[in-house]
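This report concerns only the one structure given below.
Residue numbers (this note's numbering): 646 to 1011.
Next up, the structure:
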């Protein structure tokens, strides 16, 4: 009950200034989109031409989410009886973190997996997901909210086919400095990405833009005091537990999404009957990621406590209320930025609010 009350309070503080203008109804694609099917699956597979897909995956090959990506590859190859062949490239073997999306647009690879915060210039409306105050009652609610948002009819989402999206666990501050109040955070160097930098700056800290691959060395050398990342990053392959002392729990401040996408030409080469089955596989993988994230986060926090390596600091609800009061103007500011680009940021915020409420209701206890 307290958790739901906090969510309501956060929403009231952050979104009151954004007004109550009517917004377009969000599209609800947590169920597979309806694809017109003109032939049965067996015939479609028999008649389809072979298709090779190079897939650049930004997370490390040893990352705990890789089983979900392997599952997608194997299920699609099995579905098409080998007509679709997928080759995964990890560990930045083809390109650096952040370069995957433009590489798909340029035809260097056909598929990509990545963090939208590394490609903010392409996704002004998606950046709304990084606004503070969208508090999710479970990892499944967060991932389904982003997957729904990823399938809205925004112009920026039309250059590729978005397959599925998911969220990492809610971000913490993995820190070498104990933070219990805004005063503790003031002036501190905080590694973060994308629009989260605006959140960090509004809270009085100094945002430092680094990829996840650069974060270990920055913490080791003291270039940054802390990083805005979820606690599973304490473990391999990032191993940030080796270079931090505190896990600062700050619910509602940041939840980082990832997305998987394919170039439109490759998607168009897949028969509709096969596309419809792939949409179902996409949702299988989304649920796999939710389960893998829950396992990884539980393991990391348990190890930190049992091994005595970290102090877990839960910022009090009263203190968090002050943080959200400081952040209250952020939504209106973001809307104004999108308006300046000719985009309907107010409608996007309304959609996000509705999707968050819907998925918290559906999956809040999972």
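Don't be surprised by glycine CBs; every beta carbon is placed ideally from N, CA and C.
Residue j beta carbon less than 8 Å from that of residue i
i	j	result
residue 632	residue 861	Outside the displayed range of the chain (646 to 1011) lies residue 632, so it cannot be described from this structure.
residue 780	residue 1008	no
residue 905	residue 771	no
residue 902	residue 811	yes
residue 816	residue 954	no
residue 935	residue 785	yes
residue 873	residue 837	yes
residue 821	residue 1004	no
residue 819	residue 889	yes
residue 907	residue 801	no
residue 945	residue 887	no
residue 693	residue 916	yes
residue 968	residue 773	no
residue 933	residue 712	yes
residue 856	residue 777	no
residue 937	residue 709	yes
residue 744	residue 705	no
residue 870	residue 835	yes
residue 762	residue 839	yes
Whole-number beta carbon distance between residue j and residue i, since they are thought to touch under 8 Å
i	j	result
residue 746	residue 775	Between residue 775 and residue 746 the Cβ distance is about 16 Å, and since that is not below 8 Å, they are no contact.
residue 714	residue 758	7 Å
residue 919	residue 825	Actually they are not in contact, since the Cβ atoms of residue 919 and residue 825 sit about 54 Å apart, beyond 8 Å.
residue 849	residue 832	7 Å
residue 742	residue 858	6 Å
residue 703	residue 751	At roughly 16 Å, the Cβ-Cβ gap does not stay under 8 Å, so residue 703 and residue 751 are not in contact.
residue 958	residue 893	5 Å
residue 724	residue 922	5 Å
residue 909	residue 806	6 Å
residue 964	residue 891	Actually they do not touch by this definition, with Cβ atoms about 15 Å apart.
Helix, strand or coil at residue i [DSSP, three-state]
i	result
residue 696	strand
residue 707	coil
residue 780	coil
residue 684	coil
residue 790	helix
residue 740	coil
residue 885	helix
residue 868	coil
residue 727	coil
residue 715	helix
residue 926	helix
residue 758	strand
residue 666	Residue confidence is low: residue 666 scores 45 on pLDDT, short of 50, so the model does not pin down where it sits. Its coordinate-derived value is still stated next. Of the three classes helix, strand and coil, the one that applies to residue 666 here is coil, per DSSP.
residue 854	strand
residue 735	coil
residue 933	helix
residue 800	helix
residue 875	coil
Environment of residue i [buried if 16+ CB atoms lie within 10 Å]
i	result
residue 697	exposed
residue 1001	buried
residue 913	exposed
residue 986	exposed
residue 823	exposed
residue 846	exposed
residue 998	buried
residue 925	exposed
residue 852	buried
residue 854	exposed
residue 691	exposed
residue 878	buried
residue 732	exposed
residue 992	buried
residue 721	buried
residue 995	buried
residue 701	buried
residue 695	exposed
residue 803	exposed
residue 950	exposed
residue 943	exposed
residue 981	exposed
residue 1006	exposed
residue 666	The pLDDT assigned to residue 666 is 45, lower than 50, so where the model puts this residue is not dependable, and the model offers no usable value.
residue 718	buried
residue 828	exposed
residue 687	exposed
residue 911	buried
residue 814	buried
residue 896	buried
Query - Contiguous beta strand (DSSP E) assignments of at least 3 residues, all confined to the stretch 940 to 1011 - result: 956 to 959
Requested in this report: Pick out the complete beta strand (DSSP E) segments inside the stretch 811 to 852, 3 residues or longer, and give them in chain order.
Outcome: 817 to 820, 834 to 837
Query - Segments of 3+ residues assigned as beta strand (DSSP E) that fall wholly inside the stretch 889 to 923 - result: 891 to 894, 902 to 908
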